[in-house]
Structure formats: structure tokens, C-alpha cells
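Here the structure comes first, spelled out in C-alpha cells, and everything after it is commentary.
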Amino acid sequence: MTSIKMPVPNSAILDNAQEIINRLTQSLPKDTVISDSSETLAYACDALVAYQCSPLAVALPRTTDEVSTIMRICHEMGVPVVPRGSGTSLAGGALPTADSIILGTARLNDILEINIENRFIKVQSGITNLAVSGAVEKDNFFYAPDPSSQLACAIAGNIAMNSGGAHCLKYGVTTNNLMGVKMVLASGEIIEIGGAHLDASNYDLLGIVCGSEGQLGIVTEATLKILPKPEGARPVLIGYDSPETAGTFVADIIKAGILPVAIEYMDRLTIQATDKFSGAGYPDVEALIIVEVEGSNAEIDEQLEKITDIAKKLQPSALRQSTSDEESALIWKGRKSAFGAVGRIADYICLDGTVPVSQLANVLKKIGDLSKASGLQVANVFHAGDGNMHPLILYNANDEKELAIAEQLGADILTACVEAGGCLTGEHGVGIEKRDLMGSQYSNEDMEIQMSVKDCFDPDWLLNPAKVFPLELSKSRRAKLGSCS
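Each number in the numbering used here corresponds to the 1-based position in the sequence shown with 349 added.
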């Protein structure tokens, strides 16, 4: 994670910039291409703002055919393409290189089909996550994956990073709710994978595409599973005097065979920032767990009784059930606004290492020790039910020394997650943030196999350059293939 580097721009592409822009402009509708440097600056980074680089140009297509045209031209001219959804990536997944074209999906935002009988919705990939649920709300259905950024994040990015959310414990992440895609390959070829049917024959190509971080193609349309809304839902707040005890409580719930719809964790720093920001009325504790269950009133009461009994064995310092829909909404408003609330305190790097639930208490203690040793505060907020941790490392972005310390702390925390039997990323993706840590989880042979999959889809390695794989490995791979990039 430390000393993140980007490849040296291809001078031939930079020298040929105007011709590339002219060809794109002449082949697409009038307002599709942005090349003025004052406007491309808006696309110089995503939500990982520590690293910025303006692209050669930005293309904002409205149709799959326009995406195909852009990809074909860039392929013919050897120009790298960086896919971009809404720019909410926290791992630098949409960071451009100076010789690349940003291909944004923001204008691909139409709903193409709603089929309640067969429980699916077909959308263009630039539509926001929350808009999908909004489109089927009147029919009492919803789309399950719900990242904290769901108001802004695009389905395209959700597919690229295999995003989850607070309710993924019960309903799964994007891959569990994705039925099919229409995708444009690097060559401009348009393919379809999966569809409205529940399962597909032959190789699971959809499983390869979901979570591939824009390395294999540009998803322009998606068929998504929609679900009936539950009869009811109710959260309960449980507070403890130590993070380790809270981690033990989460493990005890899972060990008991109970499957809530969500188990969320916040530490004192996050609680204070979030409560001030949202007015959620959280208790003043060291660690707060939000557990939500759903079903009929009788089912909810039965589940919460079991969860409360488990909580009381660990002597909680606070325990409160929601008593109304309004209170429940406020509880979730606080949790969903946690990242924004902490952002009012300081700049931060948001991690998303994932660990076995049984290791939560140990890893939380390790994070606390690493935080003290580094001299930087860490705010912990995460999806506790599936062990998807989101430590927020607070630092001063204007201080290069603090940035270096924050990067090293992030690397140490993610390494600790892997050593605990977990992995580098649960839903944010590798991007550039974790690119140079891939060796802590995978051998070079493992990564060679992964890169061979990219070879099949993108043989010239033009899609989303300098991401996912360590730079030297991917550079060596491109050299072997004789890539023009």
C-alpha cells in the first residue's frame, strides 16, 4: 500500500492526443466527449482522494452502441480505458492515468424492464443503487445489496467491486443478486452473459465478471434479482465497554445459528461523530452493535429474545430495542452516514479487510495496538456479521509524512486481516490501494493464473491499467504480450 506508483504515461499516446480526441468526437454525439483540462479535472480521482491524475479525455455515452464505438476506437489506437461509475470507489478503482480515457456510465441510467412475476429488474448500469429499489418500491419489492453510498453509487461500480452493504449478511452481496449483464469488451465486441433465468449452463462467466474491477469489460446493462419486502423489521442497539467484548458477542450470535438481516459495529469515535451528525440518539459506549431482524411480529420477538439473552451474558452497558418505524429509520440513518460524519473530523483512508467472525475480537485488539503505535486514530465501523471490517484511518491529507504513516498503518491492518485467516477486500476492491499487498495473500503463481483470465478478455491490457496486480507483475505481463499500452 505504501509508495503507490502509477505507470509512466505512453508518450506516443500523449503526442497523438488531439487525433484521439478528434476521432472520438467525430464518431459520437456532440456532448459525449470532454477534453478541456478544466473539466477533466473533476475526474482526476475517485473517493480515494490522496491520489489524483487528470485523464486524456472523458467520454460519457448513453447507449451500449456508443460504449462499443469508444472501446473500438481506443482499441485501434492503443489507448487505455478507465471505467467509472459514480466515482465513489474507496480503493482508487477509477483513478485514471494521464494517457487514458475515462469512460463514465453516469448517462446510462434508464430502467429497461421490471418483471415482478419473475422477480427481476433490468437496468442500464449507470443507475444508482437506491434508484433500483425505488423503481420497485410501489410493488413492495426491493434490491438487497445496500452499500452505505447507495444514494450515489452506480450499479456498474457495484458489479465491478462486488459491493455488499449492511444487509448482506442475510441476502448476500452483488454476486448473489446479479442474474445477467450486457458487456462491451476491449475490442468493442458486445456480449451477453446470464439473463433473466435463474441459472446458466457452462462456465460461470458472470462470477468472473462480478468483482473484476473493470479489468475485463464495460458492463452497460444488468439484470438484477429483486425480493419481496419483509413483513416487518426491527433493530436493537447493544453497547459494550470494550471492542473485544462486542466482537465476542457477534461471534456468539453466529455460533448460535441465528441469522439476523444485519449486524453492524461502531466504536466510540464513530458513535460520537455519527450521533452528532445524524441525531440518532446512540448510547455513549465504547462499542455499539446494531442487530436487525425481520419477519412477522412474533418472529421478530422470538429472534430478539434469543439475541438479547446472548447479549446479557456479556453484561452490556446499553441495550435498547427500536419502538417505532421512525426510530428504526433514525438508527439506520446514523449508521449509513458514518463515513460522511467521520469525514467532518478529519481526512481518512477507509479499509475493508475481511476476517472470520471468530477472529473479530482479536483483530479489533490488533487494530487498537497498531493505532497506538502509529500515533494515528482509527475509527472502526463495519459489517460485523460477515467480518467485513472498515477501519477509517484519520490523518491530515496536507501532511505528506502523515499520509505515509497512514498508508503503512493501512498495510499493517490489512496484513493482520490476512494473517487472521481473512482477505484484503470484502467489497471495495483492490484498485491501487491494495495492489501492492496482493502478494501477502496470493503467490506469484496465483496471480499469474488470475492475469491469464484478463488475457482472454483484454489481450492488450488496455482496461483499467495499473490496478489490482502489483505494477511490476502487470508491466511484465504486458511486455510478454507485446501490448501497445
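Backbone N, C-alpha and C define an ideal beta-carbon position, used for all residues, glycine too. On a predicted model such as this, the values are computed, not experimentally measured, just so you know.
On the premise that residue j lies in contact with residue i, defined as a C-beta separation below 8 Å, what is that separation, rounded to the nearest angstrom?
i, j, result
"Phe836", "Tyr614", "No answer is possible for residue 836: the residues shown for the chain start at 350 and end at 834."
"Val704", "Gly778", "No, Val704 and Gly778 are not in contact; Cβ-Cβ is about 18 Å, not under 8 Å."
"Ile659", "Ile602", "6 Å"
"Pro404", "Thr381", "The pair is not a contact, with the Cβ atoms about 15 Å apart (cut-off 8 Å)."
"Ile370", "Ser384", "5 Å"
"Glu593", "Lys714", "6 Å"
"Leu479", "Val599", "Not quite, the Cβ-Cβ distance comes to about 27 Å (not below 8 Å), so this is no contact."
"Asp590", "Val522", "Actually they do not touch by this definition, with Cβ atoms about 32 Å apart."
"Val431", "Ser449", "5 Å"
"Ile567", "Leu452", "6 Å"
"Gly563", "Ala667", "43 Å between Cβ atoms; not a contact."
"Ile762", "Leu820", "In fact, because the Cβ distance is near 22 Å, the residues do not count as touching under 8 Å."
"Asp735", "Cys517", "6 Å"
With a threshold of 7 Å on Cβ separation, who are the neighbours of residue i within its own chain once the five nearest residues in sequence on each side are excluded?
i, result
"Phe818", "Arg784, Met787, Met796 and Met800"
"Gly556", "Thr524"
"Lys682", "Ser627 and Ala629"
"Cys699", "Leu439, Phe688, His739 and Leu741"
"Ser834", "Residue confidence is low: Ser834 scores 37 on pLDDT, short of 50, so the model does not pin down where it sits. Its coordinate-derived value is still stated next. Result list for Ser834: Asn359, Gly427, Pro429, Asp809, Trp810, Leu811, Pro814 and Arg827, in chain order."
"Asn551", "none"
"Tyr580", "Here residue 580 turns out to be Glu, not Tyr, going by the sequence shown. Only Gly644 and Ser645 meet the Cβ criterion."
"Ala366", "Leu405"
"Phe490", "Ile465, Ile575, Leu576, Pro577 and Lys578"
"Ala733", "Val599, Ile612, Glu613, Tyr614, Ile638 and Leu709"
"Ile802", "With the sequence shown as reference, residue 802 is identified as Val, and Ile is not the correct amino acid for it. Cβ neighbours of Val802 beyond the five flanking positions: Ile557."
"Thr389", "Ile383, Ser403, Pro404, Ala406 and Val407"
"Gly441", "Asp395, Leu397, Tyr400, Gly780, Ile781 and Glu782"
"Ser482", "Phe491 and Tyr492"
"Ala361", "none"
So if DSSP puts residue i in a beta bridge, which residue, or which two residues, is it bridged to?
i, result
"Phe688", "None, per the DSSP bridge assignment."
"Cys559", "Paired residue(s): none; Cys559 is not in a bridge."
"Gly529", "Gly543 and Thr572"
"Pro432", "Leu452"
"Asp916", "Limits of the chain in this structure are 350 at one end and 834 at the other, which puts residue 916 out of reach."
"Pro577", "Phe490"
"Val640", "Val585 and Ile612"
"Leu812", "Val430"
"Phe469", "Asn464 and Lys574"
"Thr703", "Asn737 and Cys772"
"Val335", "Outside the displayed span of the chain (350 to 834) sits residue 335, for which this structure offers no information."
"Val398", "DSSP output for Val398 lists no bridge partner at all."
"Ala406", "Ile450"
"Thr477", "Ala503"
"Val817", "DSSP lists no partner for Val817."
"Val382", "Ala408"
Near residue i, what residues of its chain come up, given a Cβ to Cβ distance below 6 Å and the 5 sequence neighbours on each side ignored?
i, result
"Ser832", "With a pLDDT of 44 at Ser832, under the threshold of 50, the modelled position of that residue is not reliable, and the figure given next carries that caveat. Excluding positions up to five away in sequence, the list reads Asp809 and Trp810."
"Gly679", "At residue 679 the sequence reads Leu, which differs from the Gly that was named. So the list reads Ala629, once near-sequence residues are dropped."
"Ile460", "Val472 and Ala484"
"Leu554", "Ile542"
"Ala476", "The sequence given here places Ile at residue 476; Ala does not occur at that position. Once the five neighbours on either side are set aside, the close Cβ partners of Ile476 are Asn458 and Ile504."
"Ile540", "Met532"
Tell me the residue span of the alpha helix (DSSP H) that contains residue i.
i, result
"Val767", "Glu749 to Glu768"
"Leu518", "Cys517 to Tyr520"
"Cys805", "Asn793 to Phe806"
"Leu709", "Leu709 to Ser723"
"Val416", "Thr413 to Met426"
"Ala595", "Pro592 to Lys604"
"Phe647", "The amino acid at residue 647 is misidentified as Phe; the sequence shows Ala. Counting along the chain, the alpha helix (DSSP H) containing Ala647 begins and ends at Asn646 to Lys661."
"Leu461", "Not the alpha helix (DSSP H): Leu461 falls in the beta strand (DSSP E), residues Ile460 to Asn464."
"Ala367", "Checking the displayed sequence, the identity of residue 367 turns out to be Gln instead of Ala. Element bounds for Gln367: Ala366 to Ser376."
"Ser387", "Ser386 to Thr389"
Over the uninterrupted beta strand (DSSP E) stretch that includes residue i, give me the two end residues.
i, result
"Pro740", "Pro740 to Tyr744"
"Leu668", "Ala667 to Gln670"
"Glu486", "Where Glu486 is concerned, there is no enclosing beta strand (DSSP E), given that its DSSP letter is neither H nor E."
"Asp616", "Ala611 to Asp616"
"Gly506", "Segment Ile504 to Met510 is the alpha helix (DSSP H) holding Gly506; no beta strand (DSSP E) there."
"Asn729", "Val727 to His732"
"Gln564", "Looking at the DSSP string, Gln564 is not in any beta strand (DSSP E), and its letter there is neither H nor E."
Can you list, in chain order, the residues of its chain whose CB lies under 8 Å from that of residue i, leaving out five sequence neighbours each side?
i, result
"Thr351", "Confidence is the limiting factor: at Thr351 the pLDDT is only 46, short of 50, which leaves the residue's position unreliable, though a coordinate-based value still follows. Excluding positions up to five away in sequence, the list reads Ala753, Glu756, Gln757, Ala760 and Asp785."
"Gly544", "Met528, Gly529 and Thr572"
"Arg421", "Ser536 and Gly537"
Handout entry: Contact between the region 690 to 698 and the region 619 to 631 (3+ Cβ pairs under 8 Å)
Key = yes
Handout entry: Three or more C-beta pairs below 8 Å linking the region 483 to 500 and the region 548 to 566
Key = no
Handout entry: Given 8 Å, three or more beta-carbon pairs between the region 667 to 677 and the region 731 to 748
Key = no
Practice task
Specify whether the region 518 to 533 and the region 566 to 577 touch according to this definition: at least 3 beta carbon pairs, one from each stretch, less than 8 Å apart.
Solution key: yes
Exercise for the section: Flag this pair as touching only if the region 592 to 612 and the region 449 to 457 have three or more C-beta atom pairs under 8 Å; answer yes or no. Expected result: no
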